[in-house]
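Below is one structure, written out as structure tokens; comments come after it.
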DNA sequence: GTGAAAGCGCTAACAA
DNA sequence: TTGTTAGCGCTTTCAC
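Protein chains in written order, with our numbering: chain R, -16 to 316; chain D, -16 to 316.
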């Protein structure tokens, strides 16, 4: 038999409203009644039905996190601390997390089942595409959201990001100062906003020197681990034109390292390598690699904080947080 | 104004039931009516309220995933492929994921807010403790669940796991065959079931040789990255008694590697090192480390598969899947 | 302080 | 085939 709020009310000899008040604490009842109700709840082992509560109160205490594809998640060391940051903040604020992976590029469905999206009070959305359907949907449905990464129209939207342009500028500049001029940039898919920002940073550093950034030195790759090896291979002998590589996603790291090793190109003597946003890989290979810390935990924590603020109307105007980046030098002496 | 199923029904000049049928496809209506309703839905931009649907249908199409603490998630390379496997399977079967991190050891609350747990059709629960409150709650609430990892009472519960005892046996045996007798085992917290299984495997291999497994060669550590370095350090000079290490969680890897390096103990010449369940770290240091592949993606995929089967009553009796393990040798010649 | 009752928006059994 | 309507279990207003 189902134990509902009514069961409890009957047993305690009160109305359902009284039980609800005790549960929520939104209204004070007399001590005797309160005790009676609490006893009934205890004895019956009553647990409120959250769905019914959600329906009546129009509040789910749940936040949706739209992340990247599972292929991407698998090899992404950025993902874990980001998620941890989100969860920690939400836990503090008594919210929960609903996780959506991105299956948009899967062949079997060209339109995501966005109607499934609803039982959330707000959403976190990672690396939106240039024209993002999820973003459009959330806007249209009036669901508050915070973008992780910089969106196409920053002025209209809440977001938190690291300054990717700065990061990529710092990385490029660092290489330039080391005497590198022919740098190979291994970037993500062109339709990601972050790729746009990445490219800007490289360009800034080159522009500053009055150098041209050639198109063939910018390689765009799908976010999959194996790709980078193949990409370098397909460059063939031209690889020797380059004296440095910037990898914009850690997922490319292993492929790059393997390739360099297979071709007996040592790092950093003949080849210098910079990775964005990865402390893990960097640490393992500590003596040979420079990386930039993109502080993913902080991003997660901040974005959740901002979202809850919006949900609870503590923040009204579109705004953003930019998490600072640090260059972590790990070069051998 | 709120657009509900009634708005649509009125506009199309039909009943709410008709609209519901079109939406769910659970009952066929005449082509004309169907078209009329679809048009109304389209024009109004109607999206069904999922919460109301859940309440009425008593089905959420959502699965809860009880994972470890965020501290643990942060450095766990096992987590990503596990999650990816879960998500991929759930997506195939049209289910969604609600993610709960474990804050049980946090000081501020000794009892988790389990009542928040309810809007799920089933749960995946990772590495349950010896007496797990979540597990008890799920049982009591009659929420179907699958344990990832081997539970305390395997015969009563659905679970999927790798054969951890076998894995740890294989690792230990491997070392023994290499001529190692003094092996240091770096294990997780003692109240985790998996630690129990790990220990069993080591013991089996030693028993087989008629050797004793000494208590001080079994080090139990919290699941945090820094711990392993300190643990080794505190062993002091005794470290030279050991010629091999088995790390039972990848999270200890970095600390161990750093320690060995700092103390000029080279791997594997003087010291052999085996890690369980990590292909990432293993790959990076390919020539010097042996690891065991615990196939986390498969575990995730399988456990989700099993859970949905239970939810949809295709599986009735407690059962389990054991994912096979492989020794990955990466020793230098 | 307490209770009655009207929703919340949808599903599905039943009737027509 | 289509419509009526009684729930689903809780919250919250309003009257007492």
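Each residue gets a CB set at the ideal place from its N, CA and C atoms; glycine is no exception.
| Query | Result |
| --- | --- |
| Who are the near neighbours of residue 284 of chain D in its chain, counting only those whose CB is closer than 8 Å to its CB and skipping five residues on each side? | 68, 69, 71 and 72 |
| In its own chain, which residues sit with a C-beta less than 7 Å from the C-beta of residue 288 of chain R, not counting the 5 before and 5 after it? | 72 |
| Who are the neighbours of residue 53 of chain D on chain R, taking C-beta pairs under 7 Å? | 67, 70 and 71 |
| Give the straight-line distance between the Cα atoms of residue 188 of chain D and residue 228 of chain D, rounded to the nearest whole angstrom. | 15 Å |
| Does the beta carbon of residue 101 of chain D sit closer than 8 Å to a beta carbon anywhere in chain R? | yes |
| Since residue 66 of chain D contacts residue 56 of chain R with CB under 8 Å, what's their CB separation in whole angstroms? | 6 Å |
| Excluding the 5 residues flanking residue -4 of chain D on each side, which residues of the same chain have their C-beta closer than 8 Å to its C-beta? | 19 |
| Output the boundary residues of the beta strand (DSSP E) element that contains residue 229 of chain D. | 227 to 230 |
| Please classify residue 223 of chain D as buried or exposed, where buried requires at least 16 other C-beta atoms within 10 Å of its C-beta. | exposed |
| Anything in chain R within Cβ reach of residue 38 of chain D, meaning under 7 Å, just list it in chain order. | 34, 35 and 38 |
| Using a Cβ-Cβ distance under 8 Å, would residue 59 of chain D count as near chain R? | yes |
| Would you say residue 81 of chain R reaches chain D, if we count a Cβ-Cβ gap shorter than 8 Å as a contact? | yes |
| Which residues in the same chain as residue 213 of chain D place their Cβ atom closer than 8 Å to its Cβ, once the five residues preceding and following it in sequence are excluded? | 238 |
| Can you confirm whether the stretch 9 to 18 of chain R touches the stretch 40 to 56 of chain R when touching is taken to mean that 3 or more C-beta pairs between the two stretches lie within less than 8 Å? | no |
| Roughly how many angstroms lie between the CA atoms of residue -2 of chain R and residue 296 of chain R, to the nearest whole one? | 33 Å |
| For residue 150 of chain D and residue 184 of chain D, what's the separation of their Cα atoms in angstroms? | 7 Å |
| At the level of alpha carbons, what is the spacing between residue 240 of chain R and residue 81 of chain R? | 36 Å |
| If I measure Cβ to Cβ from residue 131 of chain D and keep anything under 8 Å in the same chain, skipping five residues before and after, which residues do I get? | 65, 107, 108, 109, 110, 142, 143, 144, 282, 283 and 286 |
| Express the C-alpha separation of residue 168 of chain R and residue 195 of chain R in angstroms, rounding to a whole number. | 14 Å |
| Whose Cβ in chain R lies nearer than 7 Å to the Cβ of residue 64 of chain D? | 57 |
| Just to confirm, is the Cβ distance from residue 192 of chain D to residue 153 of chain D under 8 Å? | no |
| Do you know offhand how far residue 122 of chain R's Cα is from residue 13 of chain R's? | 45 Å |
| Could you tell me which residues DSSP pairs with residue 112 of chain R in its beta bridges? | R/175 |
| What do you get for residue 1 of chain D, buried or exposed, if any count of 16 or more other CB atoms within 10 angstroms of its CB means buried? | buried |
| DSSP beta-bridge partners for residue 256 of chain R? | R/228 |
| Hey, out of R/32, R/85 and R/128, whose CA is closest to residue 51 of chain R's CA? | R/85 |
| How would you list, in chain order, the residues of chain D whose beta-carbon sits under 9 Å from the beta-carbon of residue 256 of chain R? | What residue 256 of chain R touches in chain D: nothing, since even the nearest Cβ is about 14 Å away. |
| Can you look up residue 86 of chain D in the DSSP assignment and give me helix, strand or coil? | coil |
| Return the residue from the list D/206, D/75, D/163 and D/117 that minimises the CA-CA distance to residue 173 of chain D. | D/206 |
| Indicate whether at least one CB of chain R lies closer than 8 Å to the CB of residue 4 of chain D. | no |
| Please list the residues of the stretch 234 to 251 of chain R that have a C-beta atom closer than 7 Å to any C-beta atom in chain D, keeping them in chain order. | 237 |
| In the DSSP assignment, the alpha helix (DSSP H) including residue 37 of chain R goes from what residue to what residue? | 33 to 40 |
| Which class does residue 79 of chain R belong to by DSSP, given the choice of helix, strand or coil? | strand |
| Taking CB distances under 8 Å as the criterion, tell me whether residue -15 of chain R reaches chain D. | no |
| Taking only beta-carbon atoms, is residue 270 of chain D less than 8 Å away from chain R? | Residue confidence is low: residue 270 of chain D scores 43 on pLDDT, short of 50, so the model does not pin down where it sits. Its coordinate-derived value is still stated next. No, residue 270 of chain D lies away from the interface with chain R (no Cβ there is under 8 Å from its Cβ). |
| Cβ closer than 7 Å: which chain R residues qualify as neighbours of residue 86 of chain D? | 74 |
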